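Residue numbers (this note's numbering): 106 to 436.
By construction, the Cβ of each residue, glycine as well, lies at the ideal position given by its N, Cα and C atoms.
As the structure is a prediction and not an experimental result, all values here were calculated from the model.
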Ligand SMILES: CSC[C@H](NC(=O)[C@H](Cc1ccccc1)OC(=O)N1CCC(N)CC1)C(=O)N[C@@H](CC1CCCCC1)[C@@H](O)COc1ccncc1
């Protein structure tokens, strides 16, 4: 098997998240889900989600699918790094992304979603693409779509080609040579506790010297920004006129008309440049002259996160062979 599906920004003003069309059940029900390498639950808004918590999202109705089966006595409950969360019951059903089908995928139906999911009408749920050890289904943990699909994929990989303010693609089962330039640099992945954890070889601010120092973090398609150690973040914003670490906005902000340096990060011998346009994430509120930075401190999180701001500067291969590795290429 091989497959390909679009990853479309949910907001035309800034890349807060990307959604991908999937089909569930028989006849197929189409939902727009956020593929998230930073978690491992596949959950959806459903006919079991209270109407008061649904605001425009598409829902999966298991009772309308001839191939759905309740996974008796199984429940799930998840909380994300931003404090959002959801919980509910579990079905199995036919699940397809970009032409790759898993005949019996665990579909976690929401009985409750937090307010930030209710207000985000463009996201109908998530497809966790982290390692299945992170799955929250109890009493028996379930496998991710990738783990279920892997044996039937031509190659046990998926790739992310996210783009700045326009649709990119997720490919499954193959590496599309037209999507990158030069060589792919592969580095080891630490699978404990279940993220795609790898070690970057260092960073540079703008045209400044490159600091070769290991930065261990997770490659996370479900996180909008890049979160790195405070020393790196302060070194970056020292080069930005008028930048301050705002308690009220919860991070580094600066005048939107500031000149921003690029941010360079290393993977092995390779270098990746996040352009200034990606480093100015968004105005703090619509029309404000104050902008929120695409690079923020990880000190409050406990893990460094290479989110979409970094991922869209590269072509990234999530290699599910044993042992797993992650590959980065320029594009
Ligand atoms: C420090 S992990 C923060 C991260 N959530 C974000 O990145 C959200 C994404 C979002 C927000 C609103 C609408 C749509 C998308 O966006 C922001 O938080 N921001 C963007 C906007 C900006 N102004 C403020 C900061 C996060 O929990 N990701 C998880 C998946 C995410 C959950 C929310 C819905 C979309 C998918 C996941 O991969 C990582 O889980 C963990 C990471 C570390 N330990 C535990 C869990």
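Coarse secondary structure for residue 158, derived from DSSP in three states: helix
Pair within 8 angstroms by beta-carbon distance, residue 147 and residue 210: yes
Residue environment, residue 405, which counts as buried when at least 16 other CB atoms sit within 10 Å: exposed
Boundaries (first-last residue) of the beta strand (DSSP E) holding residue 438: In this structure the chain extends from 106 to 436, so residue 438 is not present and cannot be described.
Residue 231 beta carbon near ligand 1 (any heavy atom closer than 7 angstroms): yes
Buried/exposed call for residue 505, threshold 16 Cβ in 10 Å: Residue 505 falls outside the range modelled here, since the chain spans only 106 to 436, and no answer is possible.
Residue 402: first and last residue of the uninterrupted beta strand (DSSP E) it sits in: 400-402
Reduced DSSP secondary structure (H/G/I, E/B, other) of residue 315: coil
Between the CA atoms of residue 303 and residue 295 - distance to the nearest angstrom: 6 angstroms
N-terminal and C-terminal residue of the beta strand (DSSP E) that residue 381 is part of: Element bounds for residue 381: not the beta strand (DSSP E) but the alpha helix (DSSP H), 381-384.
Pairwise C-alpha distance: residue 172 and residue 399: 43 angstroms
Contact under 8 angstroms by Cβ, residue 277 with residue 202: yes
Beta-carbon gap between residue 377 and residue 433 smaller than 8 angstroms: yes
Whole runs of the alpha helix (DSSP H) within the region 396-430, excluding any shorter than 4 residues: 413-416
Residue 345 versus residue 358 - alpha carbon distance: 10 angstroms
Of the listed residues 246, 293, 340 and 153, nearest to residue 426 (C-alpha basis): 293
Cβ-based burial, residue 112 [other Cβ within 10 Å; buried from 16]: buried
Where the beta strand (DSSP E) containing residue 177 begins and where it ends: 174-184
Among 341, 389, 138 and 256, nearest to residue 352 - alpha-carbon criterion: 389
For residue 361 and residue 194, the rounded distance between their alpha carbons: 45 angstroms
Residue 408 Cβ short of 7 angstroms to ligand 1 heavy atom set: yes
At least 3 beta-carbon pairs within less than 8 angstroms: the region 243-254 vs the region 178-190: yes
Residue 267 beta carbon near ligand 1 (any heavy atom closer than 7 angstroms): no
For residue 359, the first and last residue of its enclosing beta strand (DSSP E): 356-360
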